[in-house]
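With the numbering used here applied, the sequence shown covers 4 to 145. Every residue gets a Cβ at the ideal spot worked out from N, C-alpha and C, and that includes glycine. The structure displayed is predicted, hence computed values, not measured ones.
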Amino acid sequence: MLTRVTLAATAALLLVGGTAMAQDSIKARKDGFQTSKNAMAEIKDLLGSDKVAQVGPAAQRMSAFAAQIPTLFPAGSDKGDTKAKADIWANNADFTAKAQAYEAAAKGLEAAAATGDKAATAKQFAAVGGACKACHERYRAD
C-alpha cells in the first residue's frame, strides 16, 4: 500500500515538475521574442536616424536569442499560453533550420552594421525580417 502511495506521489511531482518546466520554456521564449521585437523596432529607428553604427548591439541581442530558440521548445511546451503550433514538434528539423537562418541573418546584420554601410545594413535588416516571417508563417498561430 505504501508503495502505491509513494508511486502516486512521485508521479504527481513529476507531472507538476514537467508542467513547470514547460511553463518556464514558454516564458523564456516569450521574453526572447519580445526582446527581438524591441530590437527590430530599435534598429528601424536607428536606420531612420542614420545611426548605423549603433545597430550592432541590438542585432547581437537578436542573434544571441536566436541561438537558443531550438532549446526553448521542448516536448510538452505546446500547452499553456503559447502561440506555438504543433508543426514545431512534427517538423522539428525544418523549425530548427529556420531558427538557424534567423540567427545567421541577425549575425549578418551585426556584420553589416560594423561596416557603417547604411544600404547594406538596411538590406540585411530586411533579411532578418524575412527570416522572422518565414518561421512565423508556418510555426506561429495568430
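Give the C-beta separation of residue i and residue j to the nearest angstrom, bearing in mind that I take them to be a contact with Cβ-Cβ under 8 Å.
i	j	result
residue 102	residue 69	6 Å
residue 61	residue 45	5 Å
residue 115	residue 123	5 Å
residue 59	residue 113	5 Å
Can you tell me whether residue i is helix, strand or coil according to DSSP?
i	result
residue 144	coil
residue 78	coil
residue 41	helix
residue 28	helix
residue 94	coil
residue 66	helix
residue 121	helix
residue 34	helix
residue 54	coil
Based on the DSSP secondary-structure assignment, which residues constitute the bridge partners of residue i?
i	result
residue 87	143
**Asked** Just checking, does the region 74-94 make contact with the region 28-38 on the three C-beta pairs under 8 Å criterion?
**Response** Judged by Cβ distances under 8 Å, the region 74-94 makes contact with the region 28-38, as three or more pairs qualify.
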